[in-house]
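One line per chain: the protein sequences are A and B, in this order. Position 113 (the first sequence) corresponds to 113 in the numbering used here; numbering is contiguous. All you need for the numbering used here is the position in the second sequence, starting with 1, plus 1000. Positions of the beta carbon are idealized from the N, C-alpha and C atoms, including for glycine. Keep in mind that this is a model prediction, so the values were computed, not measured. The structure appears right after this line, and notes come after that.
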Amino acid sequence: MAAALEASDVRKTYGSVEALKGVSLSVEEGELVGLLGPNGAGKSTLVKIACGLVRPTAGTTRIAGAPGYLAELFRFPDWLTADETLGFHQRLASSDGGERERARLLEAVGLAEACARRVGEMSKGMQQRLGIAQAMIGSPRLLLLDEPTSALDPAGRRTVRRLLEDLRGQGVAVLLNSHLLSEVELVCDRVAIIARGELVAAGTPDQLSRPGGVEVETAGGTRMFPEARREDAPAIVRDLVAAGEDVYEVRVLRSSLEDAYLEAVGEA
Amino acid sequence: MREAGIIAGFALRESLRRRVFLVVGLLTVAFLVLYGLGTWQLFDTVGNFDTPIKGVDAKIVAGATILGLAMFATLFLGTILAVFLTLGAVRGDAERGLLQPILVRPLRRRTVLLGRFAAAAGVCGVYVILVFLAATVITRAFSGWWPDRLAVPALQLAAAVAIIAALSLGGSVLLASTANGIAIFMLFGAGLTAGLLGQIGNALGSDTLDHVSTAVSWALPFEALYQAALSALTQDTVGFTRLAIQLGPFGGAQSAGPLLWPFVLAYLLAVGGAAAAAFARRDL
């Protein structure tokens, strides 16, 4: 699989502050990678370097074609309508999608009814949806989304989650920078955790979380086997049944992504 | 160039939608009405002079002086327009988050600068030409006097506001909007002050003031263009009449010679190049 984004040993310093200390990261085609980290960890800097808004002090980034980008802090001119905003970006991106593409994108982010509404009359959440639609103009092979759901309500987050899953199905690579761990855990194939400018952990959500034992619900109450793993569950159940216990439920426990994240950034 | 055209068109559309042109148009009409009133009163008085000054054509002096005054006002209005169309074009728009979605399209940063400059210089250039022509027609209507040159001073005023727009756009790369606006207006004031100093230097025979004025006029060539435009109004006028005009209230009327236009072009390229280089290095 080809890498849609390849960042190698990227470093960035602002005066005496080292924002990034040699971060390497790749996002393959059709892969959804979550970028996690505390405030000031360097996540947004890495995304901005990837899309050319910030110059790295050292290291290289390579991307496939022009990326779609949604900045963490962005604004569209308040005098444009949603449709005009997308039309302007279509012209800049030389997209020949025309009205059909604009209608499709507004529909995808749940703004079909608001296409003639001016940006200045939109809520923050609607503007964020419009930002996501703007990022998808010209069908980029790589999307760099910096906190795309921060202003969205739960329904809006679900819309974006489904949209991201659809995009993955179409082979689009997505780098999702978010503080919402549950969101990242739900949709991302891989997670990269950055702290103090360094990549401190990376892997699938399953790889990052650790076994937390097996919990069995019996007639006599909840029995906990903290050292047990998933493959130990059948034997545990057999032993309990042989001992005359009635077993109602078995749960294989794992630490959450949140636990893994806090441990990785040193705040556990 | 296509992208620069899109950016320029976008900037013009923004001015239209935000009713910038409507406000400027209404205020300009008010200015021209006041100018007409002043011109009418002036020539009414000049026509009643009992004892004409020997060797001085009062009509020419009065016409050139009041049209020079109108040119000063026109340059000032054009400067305001140029500054407000460009003062936050880079850093201001970046701080508000307007610029980033555009640049990642991808769009070359110098293309953004070129588009914004084309829009501002085009609008301001057309504006000052129209206001200057209107003032000239008003002056003729009340005095019968017509300047010796018409197209040249009009183009020089347009070039002067193009320089202001370029400086303001360049400043917007480095400075926040408010600081940039203040800086450009202070430069504008410095240029005009240098013109006045030169005039005082001429009157007093002070070479120092003369040299300072000349140096500033070339460093800030909108001033040299303004002086040249004033001079072109009475280019064919000679004798005491010409001398009287040169002692006018808003800077000396000095033709800067044939090097002015090439210098202005080189100056614009230098400012544009410096702005593009600074913008290319800027983290957004």
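### Query
Are the CB atoms of Ile-1129 of chain B and Ala-1154 of chain B nearer to each other than 7 Å?
Annotated as proximal: Ile-1129 of chain B and Ala-1154 of chain B, with beta-carbon spacing under 7 Å.
### Task
Spatial neighbours of Lys-12 of chain A within its chain, please: CB distance less than 6 Å, with the 5 preceding and 5 following residues excluded, ordered by chain position.
Ala-19, Leu-20, Thr-45, Pro-56, Thr-57
### Query
Is any beta-carbon of chain B found at less than 7 Å from that of Val-54 of chain A?
Chain B contact via Cβ: present.
### Task
Verify whether the separation of the beta carbon atoms of Arg-1105 of chain B and Leu-92 of chain A is less than 7 Å.
Less than 7 Å separates the beta-carbon of Arg-1105 of chain B from that of Leu-92 of chain A.
### Task
Name, going along the chain, the residues of the stretch 1008–1026 of chain B whose beta-carbon falls closer than 7 Å to a beta-carbon of chain A.
Phe-1010, Glu-1014, Arg-1017, Arg-1018
### Query
Can you tell which of B:Ser-1231, B:Val-1029, B:Gly-1144 has the C-alpha that lies nearest to the C-alpha of Lys-1059 of chain B?
B:Gly-1144
### Query
Quick one: is Glu-231 of chain A buried, meaning 16 or more other Cβ sit within 10 Å of its Cβ, or exposed?
exposed
### Query
Looking at the structure shown, is Asn-39 of chain A part of a helix, part of a strand, or coil, going by DSSP?
Note: Asn-39 of chain A maps to coil in three-state DSSP.
### Query
Nearest to Ala-202 of chain A by CA position, among A:Ser-178, A:Gly-34, A:Ala-133, is which residue?
If you compare the alpha carbons of A:Ser-178, A:Gly-34, A:Ala-133 with that of Ala-202 of chain A, the shortest gap goes to A:Gly-34.
### Message
For Gly-22 of chain A, which residues in the same chain have their Cβ closer than 6 Å to its Cβ, ignoring the five residues on either side in sequence?
### Response
Asp-9, Arg-11
#### Entry: Assigned exposure category for His-89 of chain A - 16 Cβ within 10 Å defines buried
Looking at its Cβ environment, which holds 16 or more other Cβ atoms inside 10 Å, His-89 of chain A is buried.
### Task
For Leu-1099 of chain B, collect the residues of the same chain with a Cβ closer than 6 Å to its Cβ; drop the 5 residues on either side in sequence, then sort them by chain order.
Closer than 6 Å at the Cβ level, and outside the excluded window around Leu-1099 of chain B, lie Asp-1093.
### Query
Taking the alpha-carbon positions, what's the Arg-1002 of chain B to Ile-1102 of chain B distance?
Using only the alpha carbons, I get a separation of about 14 Å.
### Task
Tell me, please, which residues DSSP counts as bridged to Tyr-69 of chain A.
A:Leu-144
### Task
Check whether the Cβ atoms of Ala-1160 of chain B and Leu-1259 of chain B lie closer than 7 Å to each other.
Contact flag unset, no.
### Query
Which whole runs of the alpha helix (DSSP H) in the stretch 1022–1077 of chain B are 4 residues long or more, in chain order?
none
### Query
Which residues of chain B have a Cβ atom closer than 9 Å to the Cβ of His-89 of chain A, listed in chain order?
Pro-1101, Ile-1102, Arg-1105
### Task
Name the residue from B:Gly-1088, B:Ile-1164, B:Phe-1188, B:Gly-1005 whose alpha carbon lies nearest to the alpha carbon of Ala-1179 of chain B.
B:Gly-1088
#### Entry: Assigned secondary structure, Asp-1148 of chain B (DSSP; H/G/I helix, E/B strand, else coil)
Three-state result, Asp-1148 of chain B: coil.
### Message
Between which two residues does the alpha helix (DSSP H) holding Met-224 of chain A run?
### Response
From DSSP, Met-224 of chain A is part of no alpha helix (DSSP H) but of the beta strand (DSSP E) over 221–225.
### Task
Anything in the stretch 66–81 of chain A with a Cβ closer than 9 Å to a Cβ of chain B? List those residues in chain order, please.
Ala-66, Pro-67, Gly-68, Tyr-69, Leu-70, Ala-71, Glu-72, Leu-73, Phe-74, Arg-75, Phe-76, Pro-77, Trp-79, Leu-80
### Task
Check Ile-63 of chain A in the structure and name its three-state DSSP category.
strand
### Task
Taking only the alpha-carbon atoms, compute the straight-line gap between Glu-121 of chain A and Gln-127 of chain A and give it to the nearest angstrom.
Between Glu-121 of chain A and Gln-127 of chain A, the C-alpha separation is close to 9 Å.
### Message
To be precise: take each residue of the stretch 105–137 of chain A, compare its Cβ to all Cβ atoms of chain B, and keep it if any distance is under 7 Å. Which residues remain?
### Response
Gln-134
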